[in-house]
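Here's the structure, in structure tokens; my notes come after.
In this note's numbering, the protein residues as written are 154 to 475.
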């Protein structure tokens with residue numbers, strides 16, 4: 154299957170089409186709304202399901218196969234926020250607070266984009282390492298901490314750093330993902346089989362509903378593109394490609410398969426809009442949300458969901474000599 158066919162397959166998948174429907178609903182001022190309680194329940198379900206499946210796979214994964222990808226992922230969590238901050242400060246001329254806030258988002262990872270990458274590979278019949286959800290937990294936190302440390306060094310405000318870090322660790326995305334990993338790891342494959350009718354089979358259907366809501370949320374951010382400016386739009390499109398290529402290359406070097414390197418590249422290319430905004434709101438209240446939320450959710454998320462994931466797969470195939 155060539156890259157163009159995979160792009161077509163991705164664009165016509167129920168998940169991406171549901172996301173597009175959400176955008177259309179908002180732009181056409183439809184009265185369509187996903188109840189807040191259902192949105193919260195879906196996010197809890199998706200994160201816990203990913204954790205459970207990843208933990209079950211991790212329980213049968215030898216340490217020798219895991220430690221290099223884990224180390225590479227930790228390195229990405231340090232390098233990507235530093236790279237994003239340098240680009241934003243030197244080329245974009247953003248002030249320290251805004252540059253650090255955006256860098257925190259682009260160094261961290263979008264769990265929904267990660268889930269979309271797994272679904273893309275499953276649909277295409279491409280295998281990947283089962284421990285990838287563990288790498289999400291490893292990548293989520295360091296980038297946010299690094300970006301906030303940069304801001305603290307430049308601006309002061311040490312009293313807010315600890316609270317922001319606590320917010321990251323206690324936030325639902327990390328708590329559910331790590332908690333699900335622990336449950337899946339200790340209960341193993343037999344434990345996962347017990348809950349498979351709820352957490353495995355209905356997964357893609359729940360993802361369709363969740364992405365319908367995400368389309369509506371992203372469409373609201375599209376209206377802020379004028380405020381964001383041309384540089385930030387370019388940053389939101391080009392930075393993911395650069396970081397995605399870095400993730401794919403390092404993942405291949407660490408021994409990940411074609412699918413695994415694709416997922417790591419997608420993780421590196423994604424921008425957090427759950428954990429990072431919560432931490433930035435506490436530690437950098439002076440940062441402009443129109444910048445970091447519009448870039449992450451209005452620009453990078455739609456790009457990755459539609460074109461980015463097939464692109465990172467093509468890069469992975471290139472790195473693997475395919």
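We put the CB at the ideal spot given by N, CA and C, even for glycine.
Which class does residue 426 belong to by DSSP, given the choice of helix, strand or coil?
Note: residue 426 maps to coil in three-state DSSP.
Could you tell me if residue 474 is buried or exposed, where buried requires 16 or more neighbouring beta carbons within 10 angstroms of its beta carbon?
exposed
Suppose the cutoff is 7 angstroms on Cβ atoms and the five residues either side in sequence are ignored; what does the same chain contact list for residue 402 look like?
Hits under 7 angstroms: 472.
Close Cβ partners of residue 251 (< 8 angstroms) along its chain, the five nearest in sequence each way excluded:
241, 440, 441, 444, 445
Would you kindly report the start and end of the unbroken alpha helix (DSSP H) that includes residue 258?
249-260
Using CA coordinates, which residue listed in 272, 187, 214 is at the minimum distance from residue 164?
272
Taking residue 400 and residue 420 to be in contact with their CB atoms under 8 angstroms, please state how far apart those CB atoms are, rounded to whole angstroms.
Rounded, the Cβ-Cβ distance is 6 angstroms, consistent with contact.
Hey, could you find the ends of the alpha helix (DSSP H) residue 243 is sitting in?
216-243
Apart from the five residues just before and just after residue 267, which ones in its own chain have a Cβ nearer than 6 angstroms to its Cβ?
289, 420
Compare the C-alpha of residue 389 against each of 281, 318, 450 and name the closest.
Checking every option, the nearest Cα to that of residue 389 belongs to 450.
Three or more C-beta pairs under 8 angstroms: does that hold for the region 359-369 against the region 166-183?
yes
Indicate whether residue 224 and residue 287 have their beta-carbon atoms separated by less than 8 angstroms.
Contact flag unset, no.
Figure out for me which residue from 275, 220, 372, 260 has the closest Cα to the Cα of residue 395.
260
Going by DSSP, what residue range makes up the alpha helix (DSSP H) through residue 161?
Its alpha helix (DSSP H) spans residues 156-164.
Are residue 355 and residue 457 close, meaning C-beta to C-beta below 8 angstroms?
no
Look at residue 378 and residue 277 and say whether their C-beta atoms are less than 8 angstroms apart.
no
Per DSSP, what kind of secondary structure is residue 281 in: helix, strand or coil?
coil
Spatial neighbours of residue 477 in its chain, beta-carbon cut-off 8 angstroms, leaving aside the 5 residues before and after
Lying before the first or after the last residue shown, residue 477 is absent from the chain, which here runs from 154 to 475.
Reference residue 375, options 159, 226, 157, 175, closest by Cα
175
Relative to the alpha-carbon of residue 318, which residue among 338, 295, 337 has its alpha-carbon at the smallest distance?
295
Suppose only complete runs of 4+ residues qualify. What are the alpha helix (DSSP H) ranges in the region 379-467, listed by chain order?
383-406, 411-422, 428-436, 442-446
Beta-carbon within less than 6 angstroms of residue 324's beta-carbon, same chain only, minus the 5 sequence neighbours each way: which residues are those?
428, 431
Looking at chain B, is there any beta carbon in it that lies within less than 8 angstroms of the beta carbon of residue 443?
Checking the listed chains, one finds no chain B in this structure; it contains a single protein chain.
Considering only the beta carbon of each residue, do residue 426 and residue 263 sit closer than 8 angstroms?
In this structure, residue 263 lies closer than 8 angstroms to residue 426 by Cβ.
CA-CA distance, residue 408 and residue 221?
8 angstroms
Out of 326, 269, 275, 180, which one is the CA nearest neighbour of residue 193?
326
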